[in-house]
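In the numbering used here, the protein residues as written are 1 to 118.
We put the CB at the ideal spot given by N, CA and C, even for glycine.
One structure below.
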């Protein structure tokens, strides 16, 4: 399955969970941007302990400022609660920003695959 947007030359923002022992999530997001010819304009990490709220707030500010065209994220749960996910996804869609959601943790440990957002 593919991301919402196939155009090259887009500006991308990545939100990822920081893990000093496992950089796989960030690697897969960067790889997807490279494969699509997207230029990464922001990488926003958060720790499990602190949660994603500050990262999402930073990303939304960048979105309002028109700093990126597509959000690359390993799962919508990275955006917070279900109501947070729906609110953020709606905000991005209204701003014309696409979402590329990756499955970076396949059961087989294989290559990441993009999945469409709901």
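{"Check": "Of the residues 25, 7, 79, the one placed nearest residue 36, counting alpha carbons only", "Outcome": "7"}
{"Check": "Burial state of residue 112 (16 or more Cβ within 10 Å)", "Outcome": "No answer about residue 112 holds up, because its pLDDT of 44 lies below 50 and its placement is not dependable."}
{"Check": "Collapsed DSSP secondary structure at residue 91 in the structure displayed", "Outcome": "helix"}
{"Check": "Own chain partners of residue 30 with C-beta closer than 6 Å, once the 5 adjacent residues on each side are dropped", "Outcome": "none"}
{"Check": "Cross-strand partners of residue 100 (DSSP beta bridge)", "Outcome": "72"}
{"Check": "As assigned by DSSP and simplified to three states, the class of residue 39", "Outcome": "strand"}
{"Check": "Cβ-based neighbour list, residue 117, same chain, cut-off 8 Å, excluding 5 preceding and 5 following", "Outcome": "With a pLDDT of only 41 at residue 117, under the threshold of 50, the placement of this residue in the model should not be trusted; the figure read from the coordinates follows. Excluding positions up to five away in sequence, the list reads 4, 76, 89, 99, 101."}
{"Check": "Residue 11 - containing beta strand (DSSP E), residue span", "Outcome": "11 to 17"}
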